[in-house]
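Below you'll find the structure, written out as structure tokens, and then a few comments.
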Amino acid sequence: MRGRLITLEGGEGAGKSTQVRFVCEWLEQRGRNVCVTREPGGTPQAEAIRQLVLSDWGEGVTPQTEVLLMYAARSAHLQHKIEPRLAAGDDVVCDRFADSSYAYQGAKGVSDQHLLALESLVLAGRKPDLTLLLDLPPDIGLARAHARGQVNRFEAETLGFMTQVRQRFLQRASDEPGRIAVIDASRSLEQVQAQIAAALEVRL
Ligand code: TMP
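Numbering of the sequence shown is given in the numbering used here, commencing with residue 767 and proceeding in unit increments.
Okay, here's the thing in structure tokens:
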């Protein structure tokens, strides 16, 4: 059986890390070999870019610099990890992928036309087989992120910005309902995992 690419998306504090583990266990229980990874990052080169892009350099980062770094990391990640693992028949579970660039860098002003051009250049037709969008009101998500302790410059964003990010994720989900399952992440852990299990059952 060929490998499938499953991505998890959502705003800050949506609980992606916990649910990534849940998805991996669900697949492993069904006999799949699973590669778990994240963006930006996932390979030595891409993790180095992650350090660069998440740090606060005190001089601001233009949306253009940011989107190019995200896609530079994604290109290395696809070539050195995602594509080889899918070709070997493994399922790849990725914490964030191109929909995050669409939502975050789009909300910072990068046009949809430029985002699509980068997708076409870097993804070369690769799309996730399934995307789980963990949807949460941004005030709850930001409060959770802040409660975890020190925040990076993305987690320090305003409620207004995170509201736009959420809208862009939901827009993408309504454009591609066959690929993106919207999960109500404001529910209890058990209820969130029941929604995820149902989406995996039906859509994979
Ligand atoms: P994380 O906190 O989920 O590990 O992600 C790090 C931050 O990077 C998160 O705040 C969202 C941001 N991000 C983008 O802005 N664009 C992207 O394409 C990706 C993958 C992440």
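Every residue gets a Cβ at the ideal spot worked out from N, C-alpha and C, and that includes glycine. A quick note: this is a predicted structure, and the numbers were derived from the prediction, not measured.
Using 10 angstroms around the beta-carbon of residue i, count the other beta-carbons present and answer buried if the total reaches 16, otherwise exposed.
i, result
"residue 775", "buried"
"residue 778", "buried"
"residue 836", "buried"
"residue 953", "exposed"
"residue 824", "exposed"
"residue 865", "buried"
"residue 956", "exposed"
"residue 905", "exposed"
"residue 796", "exposed"
"residue 806", "buried"
"residue 919", "exposed"
"residue 819", "buried"
According to DSSP, what are the bridge partners of residue i?
i, result
"residue 775", "899"
"residue 949", "900"
"residue 865", "Paired residues: none, contrary to the question."
Give me the residue from the options with the minimum Cα distance to residue i.
i, options, result
"residue 803", "914, 861, 928", "861"
"residue 962", "785, 855, 932", "785"
"residue 812", "846, 787, 780", "846"
"residue 873", "926, 900, 810", "926"
"residue 771", "932, 878, 893", "893"
"residue 773", "795, 767, 800", "800"
"residue 884", "907, 856, 832", "832"
"residue 966", "828, 870, 857, 830", "857"
Is DSSP giving residue i helix, strand or coil here?
i, result
"residue 974", "A question about residue 974 goes unanswered here, because the residues of the chain that appear run from 767 up to 970."
"residue 856", "coil"
"residue 940", "helix"
"residue 792", "helix"
"residue 893", "coil"
"residue 741", "With the chain running from 767 to 970 in the structure shown, residue 741 is simply not present."
"residue 825", "coil"
"residue 767", "coil"
Residue i to residue j, Cα distance in whole Å?
i, j, result
"residue 914", "residue 903", "17 Å"
"residue 808", "residue 859", "11 Å"
"residue 974", "residue 889", "The question about residue 974 has no answer here: the residues shown for the chain are numbered 767 through 970."
"residue 964", "residue 852", "23 Å"
"residue 900", "residue 959", "11 Å"
"residue 834", "residue 814", "14 Å"
"residue 821", "residue 923", "14 Å"
"residue 881", "residue 907", "25 Å"
Quick one: is the Cβ of residue i within less than 7 Å of any heavy atom of the ligand ZN?
i, result
"residue 862", "With respect to the ligand ZN, the structure shown offers nothing to examine, as its ligands consist of the ligand TMP."
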